[in-house]
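Right, one structure below, let's go through it.
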Amino acid sequence: MEFLLFEKIILLILILLSIIIFLLQVRKIINNLRLGKYENRFDKAGKRLKRFLSQVIFQSKVISNRPIVGFSHALVFWGFLFFLLGTLNHFATGFGGTLFGYGLFNEIYSSILTIISILVLIGIISLAVRRYIIKSPWLTYPSPESGIIISLIGILMVTYLILRFYHNGTVLKTSWWIHSITILFFLDYIPMSKHLHLMVCPFNEFFKSFTLAEIRPLDLENLEKEDFGINLISDFSWKDILDGYACILCGRCTEQCPAYNSSKELNPREIVLSVKEAVRKRKIDKPLVENFIPAKVLWQCTTCGACESICPTGVEHLPKIIGLRRFQTAESKFPSEASTVFKNLEKNFNPWNYNPENRNDIIKKLNIPLYKKDETEYLLWMGCFSNYDQEYQKVLSALINVLFAAKVNFGVLEQEKCCGEPARRLGNEFLFQSLVAENIEVLNSLNVKKIITACPHGYRILKEEYKDFNGNFDVFHHSFFIYELIMNGKLKLKHNNEISAVYQDPCYLSRYANITAEPRKIITKTGINLKELKRTKNKSFCCGGGGGTFFLEETEGSRINH
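For the numbering used here, add 24 to where a residue sits in the sequence shown, where the first one is 1.
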C-alpha cells in the first residue's frame, strides 16, 4: 500500500497533534497527583515487580474473582499489549517503512494479532452484553463512555481484520485511515474519560501497599506538622489520589461490602470517586466530609477489608476512611457511643466500664500462671473480650486447657491493658499510641518475645501495627499455634464423626492475615464434618463487629450479622 507525500504530511501532523494533546492531559493529571502528600512507594522494587507480573500482566486477580467476566477483560487487556507493537508497525507503514520486515516474523506476528483481534472482539461483545442486555446491578448507569470505548475497540479490531484479509485498494486504504484516526482519538480520549484506568491501573497496582488496609501512624510528637488525619485533598497522599483514576467502576467493592449489603448508605466505591471528584474540581480548601462524603458513612465501615481485598486495580479504600475518621475524631465529631469507648479506655484500659481488677478473678478461676521474666516462653495475650466477656471466656478456658495439655510454657500479664485496636479504628490515634507506648514498655520490661492471642484484631495489631512503634514480637494466632502443636505431636485429638460444624472466617484472620487453612485442618482432624458457608475464606462475610462498629448502634438498614 503506497502513500503520497501529502498523506504522509497529514499523518505526521495528526500524530504530533495527538501526542501534544495527550501529554497536556497527562501533565494535568500529574499536577493533580501533586496536590497530595509525598509518600515513598518505590521501595521493595523486586517484590512489586513480581506482584505486577502476576496481577497486571497475567491478570490473576481479575480472573480469579469473576472468572467469566474477568477472562473477557483479560482478553481485551492482553490484546492491548500485543497491539502496542503492531500499532507502531502500523504507523511505520504510513511512512513507507516497517518494523517487522516482510518475512517470516512479520507473517507469524500478524497471524498472532489476527487471532487476538478475534478474541478481543469476543471479549468486547460479552462485556457489552453484560452491560447493556444483562445489566449487572454493580455497574454504573447510564454509561455512554463505556459505549464509546467498546465501539472504538470494536472498530480497531474490525479494521485490522480488513487490513489483514481484504485486498481491494480503496477499501484497504480507507480501513487503514479509519484504524489510524481511531487509535489517535483513543489516545486522547482515554485521559478525559473514566477509562483512564486502562493506563493508570498497572502503575496503581505496582505502587499498592503490601499490607492490607495499611494505616500509617500520625506523627503526634511533631506538633508543627498538625497531622490530625484527613480533612482536605492535601491531606491525602499522591497514591490516594491515583486510586481515584484507577477505579474501573466494576462494583466489586460494593458487591462485597457488608454495610452496603445491609442497606446502609456506605458504598466504598463512592468514597474513592468522591475524592476523585474533589480533585477534578480542585476544591483544595473545601473539607471533604459533608461536602463530598456524608459523615455518617464513615462510621458504617467495619474495616473488614473486603473492598480492598477484591479490588483488581490496587485501590486502597480503608486508609482513606480511617484517615477521615481521624480528623473527625480530632474535631470531636464522632458518634456518642465512641465517646463512651474512649472514656473507658482512658479510665479502665478496656472499652467497657469494667474495673480492670475484675480480671484477676478469671486468672485465679482458671489457675492461669503469670508471665515471669526470662522464665516464661510465651505470653498469652488474653484480650478485652477474654478478660471481661463471660461468653468469650469459654474460648479462653478451652485455650488454657489446650496449652496445659500440650505442656506449653506460658503466662499472662498481671495487669493487661487494651491493645488499642478499637481506639485506632475509631480514629483516636492519640489514645491508641498512648496505649501502645504503655503496653510496649511493659512487654519489653518482661523481655517478652513470643505472644499467643485468640483475638484476630489483637493479632493484627500486635503482629503488624506495633512494629511502627518498635514493638517487635513473634505473634501467633491460637488457631495457627494449636495446629502446629498437633503437627508436632504435642496434642492428641479425639475423633467425633457425629458432629457437623460451620466455620466462619474472621475478616482479620482470613483477609488480613491469610489464615484460613489451619482452623479447618484442626476441625477436620477431630473428625467433625465441616460445612462451608456460601462466602468463605478471604471472601467471607463480615460479622459486623470490626472497625469499632461493635460499640456503635446500627441505626440504618438491617444488622450486618443478621
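Even for Gly, the Cβ is constructed at its ideal location relative to N, Cα and C. For clarity, every value in this text was computed on a predicted model and none was experimentally measured.
- Bounds of the beta strand (DSSP E) holding His501 are Asp498 to His501.
- CA-CA distance, Asn372 to Ile392, rounds to 22 angstroms.
- Unbroken alpha helix (DSSP H) stretches of 4 residues or longer found wholly inside the stretch 283-351: 292-304, 319-322 and 330-334, given in chain order.
- Residue state for Ile584 is assigned as coil, using DSSP reduced to three classes.
- In this structure Ile254 touches Leu348 by the C-beta definition: roughly 5 angstroms separates them, less than 8 angstroms.
- Here the stretch 144-156 does not lie against the stretch 67-83, with fewer than 3 beta-carbon pairs under 8 angstroms apart.
- Taken through DSSP and simplified to helix, strand or coil, Gly110 comes out as helix.
- Between the stretch 343-361 and the stretch 311-325 there are three or more C-beta pairs closer than 8 angstroms, enough to call the two in contact.
- Counting the other CB atoms within 10 Å of its CB gives Ile295 a total of 16 or more, which places it among the buried residues.
- The Cβ atoms of Lys263 and Glu63 lie closer than 7 angstroms to each other.
- For the pair of segments examined, the stretch 429-446 was found to touch the stretch 395-407: the number of CB pairs separated by less than 8 angstroms reaches three.
- Distance between Phe497 and Lys473, taken at the CA atoms: about 5 angstroms.
- Taking 7 angstroms as the cut-off, the beta carbon of Tyr412 is found closer than this to the beta carbon of Asn374.
- Where Ser42 is concerned, the enclosing alpha helix (DSSP H) starts and stops at Leu29 to Leu57.
- If you draw a straight line from the Cα of Gly581 to the Cα of Ser287, it comes to about 5 angstroms.
- Of all C-beta pairs linking the stretch 357-365 to the stretch 107-125, fewer than three are shorter than 8 angstroms, placing the two stretches out of contact.
- Leu137 is the residue among Arg188, Leu137 and Leu273 whose C-alpha sits nearest the C-alpha of Leu105.
- The alpha-carbon of Lys61 is positioned some 44 angstroms away from that of Ile33.
- Counting only residues of its own chain and dropping the five nearest sequence neighbours on each side, Trp162 has a CB closer than 8 angstroms to the CB of Cys274, Gly275, Arg276, Thr278 and Glu279.
- When C-alpha distances from Ala447 are compared across Trp376, Tyr395 and Lys396, the shortest belongs to Trp376.
- Val526 sits in a strand when the DSSP states are folded into three classes.
- Lys555 carries a strand assignment under DSSP once its states are collapsed to helix, strand and coil.
- In the same chain as Ser261, and ignoring 5 residues on each side of it, the C-beta atoms closer than 7 angstroms to its own belong to Gly60, Lys61 and Glu63, in chain order.
- Taking all protein chains shown into account, Val153 has fewer than 16 neighbouring C-beta atoms within 10 Å of its C-beta and is therefore exposed.
- In this structure, Gly329 places its C-beta atom within 7 angstroms of the C-beta atom of Cys531.
- When secondary structure is reduced to three states using DSSP, Leu123 falls in the coil class, being assigned neither helix nor strand.
- Around the C-beta of Glu489, 16 or more other C-beta atoms lie within 10 Å, and the residue is accordingly described as buried.
- Judged by pairs of C-beta atoms under 8 angstroms, the stretch 207-225 does not touch the stretch 185-196, as fewer than three such pairs exist.
- Each residue's CA atom was taken as its position, placing Phe428 and Ile506 some 12 angstroms apart.
- With respect to the 7 angstroms criterion, Ile547 and His501 are not classified as neighbours on the basis of their beta carbons.
- Going by C-alpha positions, Tyr483 is about 7 angstroms away from Val499.
- Looking at the DSSP output, Gly268 sits in no beta bridge, so it has no partner there.
- Apart from the 5 residues on each side of it in sequence, Ser170 sits with its Cβ closer than 7 angstroms to the Cβ of Arg155 in its chain, given in chain order.
- Counting along the chain, Ile146 sits inside the alpha helix (DSSP H) bounded by residues Leu128 to Val153.
- In its chain, beyond the 5 residues on either side, Gly435, Val436 and Glu438 have a beta carbon closer than 7 angstroms to the beta carbon of Leu394.
- In the same chain as Gly70, and ignoring 5 residues on each side of it, no C-beta atom comes closer than 8 angstroms to its own.
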